[in-house]
Amino acid sequence: MNNKKILLILLMFSLFISIFAVNNKDSRKTLLIYSRGYSFLSTKVEHKLKEALINQGKYRLVERDINVMNEIERILHGLTSKDNFNLNQLAADYIVYIEVIDAESYRKTDEYDNIWYEYHIEGAYRLIDIETSQILEIKTIDAVGTHYVSQYVSEYEAKEMAREEAISSLVNTLVYRMNKLFLISGKIIGIEGNLRVLVNIGRNNGVYKGMMFSFAKNYEINGDVYRKTSGKLVTKEVSSNSAILEILEEPEFALDNTVSVIENPDISPFRAHFSLSMTTKLPDIYSLRMDFLIDNYKNFTYGVFVEFSDDINTFYTSTGLNIRYTPEYTFGNLNLGADLYISSYYNTEIDYNEDYIADVGIGITPIIGLELKPHKNFGIIIESGYTFESSIGGNYPANNAPYIKAGIDLIF
Numbered sequence: 285m286n287n288k289k290i291l292l293i294l295l296m297f298s299l300f301i302s303i304f305a306v307n308n309k310d311s312r313k314t315l316l317i318y319s320r321g322y323s324f325l326s327t328k329v330e331h332k333l334k335e336a337l338i339n340q341g342k343y344r345l346v347e348r349d350i351n352v353m354n355e356i357e358r359i360l361h362g363l364t365s366k367d368n369f370n371l372n373q374l375a376a377d378y379i380v381y382i383e384v385i386d387a388e389s390y391r392k393t394d395e396y397d398n399i400w401y402e403y404h405i406e407g408a409y410r411l412i413d414i415e416t417s418q419i420l421e422i423k424t425i426d427a428v429g430t431h432y433v434s435q436y437v438s439e440y441e442a443k444e445m446a447r448e449e450a451i452s453s454l455v456n457t458l459v460y461r462m463n464k465l466f467l468i469s470g471k472i473i474g475i476e477g478n479l480r481v482l483v484n485i486g487r488n489n490g491v492y493k494g495m496m497f498s499f500a501k502n503y504e505i506n507g508d509v510y511r512k513t514s515g516k517l518v519t520k521e522v523s524s525n526s527a528i529l530e531i532l533e534e535p536e537f538a539l540d541n542t543v544s545v546i547e548n549p550d551i552s553p554f555r556a557h558f559s560l561s562m563t564t565k566l567p568d569i570y571s572l573r574m575d576f577l578i579d580n581y582k583n584f585t586y587g588v589f590v591e592f593s594d595d596i597n598t599f600y601t602s603t604g605l606n607i608r609y610t611p612e613y614t615f616g617n618l619n620l621g622a623d624l625y626i627s628s629y630y631n632t633e634i635d636y637n638e639d640y641i642a643d644v645g646i647g648i649t650p651i652i653g654l655e656l657k658p659h660k661n662f663g664i665i666i667e668s669g670y671t672f673e674s675s676i677g678g679n680y681p682a683n684n685a686p687y688i689k690a691g692i693d694l695i696f
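Just so you know, we're using the numbering used here here: the sequence shown kicks off at 285 and counts up by one.
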């Protein structure tokens with residue numbers, strides 16, 4: 285092999301390495317976290333924030349130089365000029381400056397002698413662009429944690445748990461604020477039916493599994509550009525420079541080459557439902573029922589419900605779990621599942637004395653039904669089943685009977 289061939293091979297190899305290095309460049313935002321204030325709390329908040337950001341994977345973190353940070357603190361407090369100070373020496377894109385301004389613990393009681401602790405933290409943070417020295421955001425955050433004293437939790441433990449809850453609340457708010465400010469966007473490079481899309485952003489851009497996105501489309505009106513977001517996607521698979529997003533809700537506009545995706549930390553991979561219905565337990569027990577539910581876009585809905593009826597002399601109250609398998613069709617959903625509940629009974633004609641044992645029963649109702657959806661956020665529910673009950677206290681009148689339910693479903 286002559287020298288020219290060897291030189292050509294070396295040049296091609298160098299080009300390959302250069303392209304590979306560019307494609308695998310970590311382009312995540314680099315943050316430097318710095319805290320001050322109450323020494324113990326500040327250290328704990330800083331540690332928890334770093335832990336949360338590293339676990340999330342959207343940002344890179346660098347350690348601080350204590351001498352440089354002391355100088356920054358003097359600049360932030362107006363004790364020295366920033367004219368002769370170069371922030372670029374920090375090797376980061378942004379400084380997250382956190383200060384714990386105040387922290388107080390409160391012991392509280394109520395008329396029933398219940399005891400709980402509330403822990404309040406007042407924190408402030410600034411987000412500083414190192415390249416321009418510009419403060420991008422400044423905010424005061426009030427975080428509160430609460431924990432009750434019980435036979436299993438001492439007052440000391442309740443106070444400590446309330447403090448930990450307040451710290452977690454403060455950290456979660458800080459992470460949310462940064463995520464809202466640094467939204468990740470990318471181009472769609474492939475579509476698999478109406479189920480999944482492939483995008484040109486990945487782990488090196490800060491994308492992580494479970495990250496939520498919306499579709500985005502730009503419109504130009506009188507020379508001004510407006511962005512409209514719609515739909516919902518969740519990240520299922522992530523590689524270095526690309527990711528696969530599952531479509532949970534389709535956008536209001538057509539998917540074409542002008543549509544992109546943008547991170548949306550305000551949405552979740554679940555939908556909330558509030559259902560209001562009338563029920564009948566044959567032959568003559570009529571009730572009002574409220575359900576508070578969530579679904580996971582995977583034909584599975586679950587939550588809790590409250591049901592109560594008021595007749596001339598009797599009053600029933602039931603609380604329980606609602607579990608449904610809800611495969612979707614063009615008309616709406618088929619509902620298959622069960623209600624598991626505990627019910628109490630009160631008869632106004634009975635003179636209850638101090639030795640009264642509550643009339644309580646448990647029950648299960650296998651359910652089959654339909655939900656018609658004239659709109660994606662509104663449904664009409666019709667269900668039927670058979671109730672099986674058993675008394676577990678007092679003289680609860682167990683009633684095994686057919687069950688009918690009809691109502692509306694509001695979807696958020």
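Even for Gly, the Cβ is constructed at its ideal location relative to N, Cα and C.
Close-in-space but distant-in-sequence residues of the same chain around residue i (CB under 8 Å, 5 per side omitted)
i	result
Thr-598	Tyr-629, Tyr-630, Asn-631 and Thr-632
Arg-480	Lys-520, Ile-528, Leu-529, Glu-530 and Ile-531
Ile-692	Ser-559, Leu-560, Ser-561, Phe-662, Gly-663, Ile-664 and Ile-665
Val-509	Asn-502 and Tyr-503
Gly-587	His-557, Asp-575, Phe-576, Leu-577, Ile-578, Leu-605 and Asn-606
Extent of the continuous beta strand (DSSP E) run through residue i
i	result
Ser-602	598 to 609
Phe-584	584 to 594
Asn-619	616 to 631
Val-483	480 to 483
Pro-658	643 to 659
Glu-534	Unbroken run through Glu-534: none, as it is neither H nor E.
Ile-578	569 to 579
Met-495	It is not in any beta strand (DSSP E) - Met-495 carries neither H nor E in the DSSP assignment.
Ala-376	Ala-376 -> no beta strand (DSSP E), and no H or E assigned at all.
Glu-612	Here Glu-612 belongs to no beta strand (DSSP E), and DSSP marks it neither H nor E.
Tyr-680	Here Tyr-680 belongs to no beta strand (DSSP E), and DSSP marks it neither H nor E.
Phe-558	555 to 565
Ser-544	543 to 547
Residues near residue i in its chain [Cβ-Cβ closer than 6 Å; skip 5 each side]
i	result
Ala-556	Ile-578 and Phe-696
Ile-666	Gly-653, Leu-654 and Ala-690
Ala-685	Lys-565, Leu-566 and Thr-671
Ser-298	At Ser-298 the pLDDT is 41, less than 50, meaning the model places this residue with poor confidence and gives no usable figure here.
Ile-688	Thr-564 and Ser-668
Ser-602	Glu-591, Tyr-625 and Ser-627
Leu-618	Pro-611
Leu-420	Leu-411 and Asp-413
Tyr-381	Tyr-318 and Arg-410
Tyr-403	Ser-389, Gly-429, Ala-446, Arg-447 and Ala-450
Cβ pair residue i, residue j closer than 8 Å
i	j	result
Ser-561	Ser-593	no
Asp-643	Gly-678	yes
Gly-515	Glu-530	no
Ile-405	Ala-450	yes
Arg-312	Lys-342	yes
Glu-448	Gly-429	yes
Leu-454	Ile-412	no
Pro-553	Met-462	no
Ser-469	Ser-544	yes
Gly-669	Pro-681	no
Ile-379	Gly-321	no
Thr-457	Ala-427	yes
Leu-316	Ala-376	yes
Leu-345	Lys-334	yes
Gly-486	Val-518	no
Ser-524	Val-483	no
As assigned by DSSP and simplified to three states, the class of residue i
i	result
Leu-337	helix
Asn-488	helix
Glu-395	coil
Ile-692	strand
Glu-347	coil
Ala-685	strand
Ser-526	coil
Thr-327	helix
Lys-512	strand
Lys-313	coil
Lys-332	helix
Asp-540	coil
Asp-550	coil
Gly-321	strand
Gly-663	strand
Lys-342	coil
Asn-506	coil
Neighbourhood of residue i by C-beta, 7 Å cutoff - its chain only, sequence neighbours within 5 removed
i	result
Gly-616	Leu-654, Glu-655, Leu-656, Lys-657 and Gly-663
Val-306	Confidence in Val-306 is poor, its pLDDT being 46 and thus under 50, which makes the residue's placement too unreliable to answer from.
Lys-471	Val-483, Asn-484 and Ser-544
Beta carbon proximity, residue i to chain B, threshold 8 Å
i	result
Thr-327	Included in the structure is just one protein chain, with no chain B present.
In chain order, which continuous runs of the beta strand (DSSP E) of length 3 or greater are located wholly inside the segment 407 to 477?
419 to 432 and 469 to 476
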